[in-house]
Each structure stands twice: as structure tokens, then as C-alpha cells.
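Visitor:
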Amino acid sequence: MGKVKSFAAKVAHDLSTSGKVICPVCNTEVKKIKLITNKKTDGTWAPQKEYVKICKCNEADILAGKNL
Ligand SMILES: [Zn+2]
């Protein structure tokens with residue numbers, strides 16, 4: 005019980021103090037970026053703002069214009 009509790013407390017502490025999210029897969033900071041994408045709505049294409057989380061895992065795809 006003690007170990008579980010301290011682990012949870014550490015995670016909460018990290019999130020509240022730094023505001024950083026580290027991707028568990030690539031171990032780099034996950035950043036939120038604003039992306040303008042074109043989406044087809046009712047037969048017309050319209051630019052749409054989107055917030056996406058980006059890290060080493062998907063930055064190449066996102067910067068290449070792919071949507072994941
Ligand atoms: Zn990642």
C-alpha cells in the first residue's frame with residue numbers, strides 16, 4: 005500500500021509543479037500545439053483549429069500534415 009500511495013503522490017506532484025507531460029514511449033516532452041486543418045463539413049472544406057499533442061512518436065507525421 006505504501007509504495008502505491010507514494011507513487012501516485014509523486015505523479016500528482018510532477019504534474020502540478022512542472023506542467024510537463026513526458027511520453028512514456030519516446031521519453032520526450034509531449035507538447036500541445038495548435039494545428040489548422042482542412043475538414044470537410046457538409047460538402048465544403050473549411051479550416052479548423054485543432055489542438056494536438058505532439059512528441060517524438062508522431063511529430064514527423066503531424067509536421068508532414070497527416071492526422072493521427
Ligand atoms: Zn512519444
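Here the sequence shown stands for residues 5 to 72, numbered as in this note's numbering.
C-beta atoms are modelled at their ideal positions from N, C-alpha and C, and glycine is treated no differently.
#1: Near residue 34, which residues of its chain fall below 6 Å by C-beta distance, leaving aside the five closest residues on each side in sequence?
#2: Can you pull the DSSP bridge partners for residue 39?
#3: Which one of 68, 62, 54 and 65 has the shortest CA to CA distance from residue 37?
#4: Looking at the unbroken alpha helix (DSSP H) that takes in residue 64, where does it start and where does it end?
#5: Residues in its own chain within less than 7 Å of residue 30 by CB, not counting five upstream and five downstream?
#6: Do you know whose CA, among 32, 23 and 40, lies nearest residue 67's CA?
Guide: Reading it off the structure:
#1: 25, 27, 57 and 59
#2: 54
#3: 54
#4: 63-67
#5: 59, 60 and 61
#6: 40
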